[in-house]
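Which chain is which? The protein sequence lines are A and B, in order.
Take the first sequence: its position 97, counted from the start at 1, is 97 in the working numbering, and no numbers get skipped.
Take the second sequence: its position 39, counted from the start at 1, is 155 in the working numbering, and no numbers get skipped.
Take a look at the structure set out below.
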Amino acid sequence: EAEVAQSPRYKITEKSQAVAFWCDPISGHATLYWYRQILGQGPELLVQFQDESVVDDSQLPKDRFSAERLKGVDSTLKIQPAELGDSAMYLCASSPRGRAGTDTQYFGPGTRLTVL
Amino acid sequence: AQSVTQLDSHVSVSEGTPVLLRCNYSSSYSPSLFWYVQHPNKGLQLLLKYTSAATLVKGINGFEAEFKKSETSFHLTKPSAHMSDAAEYFCVVLNTGNQFYFGTGTSLTVIP
Chain A
1 EAEVAQSPRY
11 KITEKSQAVA
21 FWCDPISGHA
31 TLYWYRQILG
41 QGPELLVQFQ
51 DESVVDDSQL
61 PKDRFSAERL
71 KGVDSTLKIQ
81 PAELGDSAMY
91 LCASSPRGRA
101 GTDTQYFGPG
111 TRLTVL
Chain B
117 AQSVTQLDSH
127 VSVSEGTPVL
137 LRCNYSSSYS
147 PSLFWYVQHP
157 NKGLQLLLKY
167 TSAATLVKGI
177 NGFEAEFKKS
187 ETSFHLTKPS
197 AHMSDAAEYF
207 CVVLNTGNQF
217 YFGTGTSLTV
227 IP
């Protein structure tokens, strides 16, 4: 069964350092999402791509976060510089470009970020 | 605008007893609705989804949910809880722009 791949699974970094996360969606899925999930809370959407285009990044802290999906396949999420409050699970999900309102998201295992 | 309310932040049941996790949604039309489960330090796994077909939806691991438009509810149930069901559960609504809205989650504890 096809899965969403994410790496690394765990990342520990010091504040002010740069970190990057990678996501490879299920083959053929046009929509890719990055979420941040703080411990004990639900996922919060950071950015949504349709193919290589950003369709929603309203909750992305653009002063330090960036995301790209250059060829419309895999994606990278970067934080520079990392802050203590960025410690969280970063989840990637993908969905096929189905009929509007009927898509299903499939999640990767996540990257657990700890900022010291 | 779409939103989801999970009515209980924590639910505790004994092993072998029924599970009920409550979810109410707000939408101006009949939305697509989902339940996801998340085990500690893992990603989210799809349990089941409703997309305007049968109102009673069966999912994996014995879970099911019933879409009730009159009550704007989509509660998740299971007849008999298993220890492995202990996890965080999220109710999710999807709008026509393919934007997903998550509830705040319900933590299920199963007591042996």
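Quick reminder that beta carbons are idealized off the backbone N, C-alpha and C, glycines included.
Under 9 Å between C-beta atoms of residue i and residue j
i	j	result
residue 125 of chain B	residue 220 of chain B	yes
residue 5 of chain A	residue 96 of chain A	no
residue 173 of chain B	residue 197 of chain B	no
residue 57 of chain A	residue 50 of chain A	no
residue 210 of chain B	residue 151 of chain B	no
residue 181 of chain B	residue 224 of chain B	no
Chain-ordered chain A contacts of residue i [CB-CB under 7 Å]
i	result
residue 224 of chain B	None at all; the shortest Cβ gap to chain A is about 14 Å.
residue 140 of chain B	What residue 140 of chain B touches in chain A: nothing, since even the nearest Cβ is about 15 Å away.
residue 159 of chain B	91, 107, 108, 109, 110
residue 183 of chain B	None at all; the shortest Cβ gap to chain A is about 14 Å.
Per-residue contacts from residue i into chain B (C-beta, under 7 Å)
i	result
residue 85 of chain A	Within chain B, no residue comes near residue 85 of chain A; the closest Cβ sits about 19 Å away, beyond 7 Å.
residue 56 of chain A	215
Member of the options whose CA lies at the smallest distance from the CA of residue i
i	options	result
residue 81 of chain A	A/18, A/3, A/25	A/18
residue 20 of chain A	A/3, A/27, A/10	A/10
residue 200 of chain B	B/155, B/121, B/133	B/155
residue 205 of chain B	B/211, B/212, B/190	B/190
residue 161 of chain B	A/49, A/108, A/114	A/108
residue 123 of chain B	B/131, B/138, B/218, B/130	B/138
residue 105 of chain A	A/24, A/22, A/32, A/59	A/32
residue 164 of chain B	B/144, B/131, B/208	B/208
residue 86 of chain A	A/75, A/64, A/92, A/94	A/64
Exposure label - residue i; buried when at least 16 CB within 10 Å
i	result
residue 176 of chain B	exposed
residue 214 of chain B	buried
residue 8 of chain A	exposed
residue 147 of chain B	buried
residue 115 of chain A	buried
residue 42 of chain A	buried
residue 159 of chain B	buried
residue 88 of chain A	buried
Beta-carbon neighbours of residue i, restricted to chain A and to distances below 8 Å
i	result
residue 118 of chain B	Result: empty, since nearest Cβ-Cβ is about 10 Å, beyond 8 Å.
residue 178 of chain B	By Cβ distance, chain A contributes nothing, its closest Cβ being about 20 Å from residue 178 of chain B, past 8 Å.
residue 165 of chain B	104
Endpoints, beta strand (DSSP E) assigned at residue i
i	result
residue 171 of chain B	Run containing residue 171 of chain B: none; DSSP gives neither H nor E here.
residue 112 of chain A	111-115
residue 140 of chain B	139-142
residue 103 of chain A	Counting along the chain, residue 103 of chain A falls outside any beta strand (DSSP E), and DSSP gives it neither H nor E.
residue 203 of chain B	203-210
residue 24 of chain A	19-24
residue 89 of chain A	88-95
residue 48 of chain A	44-50
residue 129 of chain B	126-130
residue 183 of chain B	180-184
residue 29 of chain A	Neither: residue 29 of chain A is in no beta strand (DSSP E) and is coded neither H nor E.
Partner residues on chain A for residue i, Cβ-Cβ distance less than 9 Å
i	result
residue 162 of chain B	104, 105, 106, 107
residue 190 of chain B	By Cβ distance, chain A contributes nothing, its closest Cβ being about 15 Å from residue 190 of chain B, past 9 Å.
Residue i: contacting residues in chain B (beta-carbon distance under 8 Å)
i	result
residue 41 of chain A	220, 221
residue 95 of chain A	214
residue 31 of chain A	214
Residue i: CB within 8 Å of a non-hydrogen atom of the ligand COA
i	result
residue 119 of chain B	Summarising the ligand content, the structure contains no ligands, and the ligand COA is consequently not present.
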